[in-house]
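Beneath this line is the structure, given in structure tokens, with notes to follow.
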Amino acid sequence: RYPALGVSGAHQFALNNSFHRSFHRAVVVHGTSGVQVDNNVAYDVHSHIFVPAEDGDEENNRFRYNLAVFAKPPLPGGN
């Protein structure tokens, strides 16, 4: 079941990735439900790194076995 106004992310995924030296986040789930985010590594990233829900209407997203190292504050002028 997914929210009436949300977007189904069923069968969508981010698996086994590396994110490094990002200037703003690594993975953000925004208005989407049913996404799988597993076995990812993020290093040297500004702001939040793994964001499972941004609006609050996201449901059934799965974040497992992710590693975040060396998170830094947002850059000046960032959120």
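Mapping the sequence shown onto our numbering, position 55 (from 1) lands on 47, and the numbers just tick up by one. We put the CB at the ideal spot given by N, CA and C, even for glycine.
So for residue i, helix, strand or coil by DSSP?
| i | result |
| --- | --- |
| HIS38 | strand |
| PHE55 | strand |
| HIS16 | coil |
| GLN28 | strand |
Alpha carbons only, please: which of the options is nearest the one belonging to residue i?
| i | options | result |
| --- | --- | --- |
| LEU7 | HIS16, ARG17, ASN32, ARG13 | ASN32 |
| GLY23 | ARG17, SER39, ASN52 | ASN52 |
| GLY48 | SER25, ARG17, GLY1, PHE15 | SER25 |
| GLN16 | ALA2, TYR57, ALA34 | Per the sequence shown, residue 16 should be read as His rather than Gln. Cα-wise, what sits closest to HIS16 is ALA34. |
State yes or no: is the C-beta of residue i within less than 9 Å of the C-beta of residue j?
| i | j | result |
| --- | --- | --- |
| VAL21 | ALA45 | yes |
| PHE55 | PHE42 | yes |
| VAL37 | ARG13 | yes |
| PRO66 | SER39 | yes |
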